[in-house]
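Student: One point on numbering: in this note's numbering, the residue at position 55 of the sequence shown is 496, and numbering is uninterrupted.
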Amino acid sequence: MKSNAANDFVAANVNRHKWKEESVRTNDAATKMKTTRPTDLLVIGYGNTLRRDDGVGPRVAEAIEKMNLSSVRTLICQQLSPELAEPISRAGLVVFVDAAVDTPHEVQIRELAPGGTTQLMAHAADPRTMLALARDVFGHAPHAWWLTVPAVQLGFGEELSAEAASGFSIAVRQIKALAQNSCLADTN
């Protein structure tokens, strides 16, 4: 992804993802969350870290976690599962980070809407299904993006290919910029 597109992504989403505390308080399923501060930005990195480039999503989330960015929470998992619907429902904005083999050889960010159904296929769900679960079970589906990093090496191992390593760096910079800009917007 070109850097000007990344800047457009950040600028377009700085004010769109602010959490509305009232929406939690009016939802009976979320009563237990009244006393906890909602996460403004949730980064979910998923994939298999033992299959080389497939592990780029967890590695991006881990790098973001180490930055200790204000109002940012990260989750790392091998695959998306129904248990993630609750933390997703408490976020103002979610960025799902995954490896992709079927996309052009560049980092891509796509806006997501909740899926039409919460039915899971096999053992894992896609991000749209997770948003639908958050909406249907907890009453809130946050604004969401799917950030995919090109994957070219999926054999056994823990090292990223040069292409995935480059995509990793781009993804971390984009999420960091989004987090920093959203913190500035919160203080205005």
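The beta-carbon is built from N, C-alpha and C at its ideal position, and this holds for glycine as well.
(1) Does the structure place the region 613-624 close enough to the region 503-519 that three or more beta carbon pairs sit under 8 Å?
(2) Can at least three beta-carbon pairs, one atom from the region 593-605 and one from the region 485-505, be found at a separation below 8 Å?
(3) If you run the structure through DSSP and keep just helix, strand and coil, what is P523?
(4) Terminal residues of the continuous beta strand (DSSP E) containing T515?
(5) Should the region 541-557 be called in touch with the region 499-507, which here means at least 3 C-beta pairs below 8 Å?
(6) Would you kindly work out how many angstroms separate the C-alpha atoms of A540 and A532, rounded to a whole number?
(7) My understanding is that I485 touches V542, with C-beta atoms under 8 Å, so please give their C-beta distance in whole angstroms.
(8) What's the call for G496, buried or exposed, on a 16-neighbour Cβ count within 10 Å?
Tutor: A quick look at the data gives this:
(1) yes
(2) yes
(3) Translated into positions along the sequence shown, residue 523 becomes position 82. In the structure shown, P523 sits in a helix (DSSP, three-state: H, G or I).
(4) Numbered from 1 along the sequence shown, position 74 holds the residue referred to as residue 515. First-last of the beta strand (DSSP E) with T515: V513 to C518.
(5) no
(6) Residue 540 sits at position 99 when you count from the first residue of the sequence shown. Residue 532 sits at position 91 when you count from the first residue of the sequence shown. Each residue's alpha carbon lies about 22 Å from the other.
(7) In the sequence shown, the residue the question calls residue 485 occupies position 44. In the sequence shown, the residue the question calls residue 542 occupies position 101. Incorrect: roughly 19 Å between the Cβ atoms, too far for contact.
(8) The count along the sequence shown starts at 1 and reaches residue 496 at position 55. G496 should be labelled buried.
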